[in-house]
């Protein structure tokens with residue numbers, strides 16, 4: 076659940092609890108969808124709901140990516156994520172669009188920069204509704220049909 080905390084008169088903050096948060100993803104393949112998750116999500120987002128100005132970062136341990144298929148996961152870590160070389164995925168939040176009302180329910184769109192595989196990729200927006208963030212992938216990543224969701228717990 077996303078629970079906002081007032082940190083200034085107009086600024087809001089969302090703190091992610093690593094023990095209760097995960098990123099889930101869905102990849103479209105030729106014959107079926109592949110579902111997976113990454114645990115150990117941490118971060119804090121500060122934003123002004125009146126202006127949409129935002130800052131903060133969400134981090135994910137890429138080494139914990141798991142689809143439930145050992146062979147596919149080994150290939151994903153070795154050939155796609157190269158998680159031994161790039162163990163952390165970061166999302167820097169630059170803008171928040173939408174509303175978040177107490178006690179943390181609402182619909183948000185996060186805009187920022189995704190750092191994956193050692194490179195920054197502009198992220199045009201990820202939709203967040205209640206406990207999830209969903210977004211479209213950037214065009215030069217090999218998993219171009221990914222749908223990403225953040226299930227967030229708060230501390």
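In the numbering used here, the protein residues as written are 76 to 230. Even glycine gets a Cβ: it sits at the ideal position worked out from N, Cα and C. Bear in mind the structure is a predicted one, so any value in this text is a computation, not a measurement.
Sequence-distant residues of the same chain with beta carbon closer than 6 Å to residue i, five excluded per side
i: residue 189; result: 166, 196, 198
i: residue 109; result: 102, 142
i: residue 85; result: 123, 125
i: residue 162; result: 137, 138
i: residue 115; result: 93, 136, 139
i: residue 117; result: 91, 93, 134
i: residue 147; result: none
i: residue 158; result: 137, 138, 152
Exposure label - residue i; buried when at least 16 CB within 10 Å
i: residue 124; result: buried
i: residue 194; result: exposed
i: residue 191; result: buried
i: residue 97; result: buried
i: residue 113; result: buried
i: residue 160; result: exposed
For residue i, the nearest candidate out of the options (CA to CA)
i: residue 172; options: 115, 183, 162; result: 183
i: residue 89; options: 106, 95, 105, 131; result: 131
Close-in-space but distant-in-sequence residues of the same chain around residue i (CB under 7 Å, 5 per side omitted)
i: residue 129; result: 120, 121, 122, 168, 169, 170, 171
Report the start-end ranges of each alpha helix (DSSP H) in the segment 107 to 160 that is 4 residues or longer and not cut off at the edges.
145 to 150
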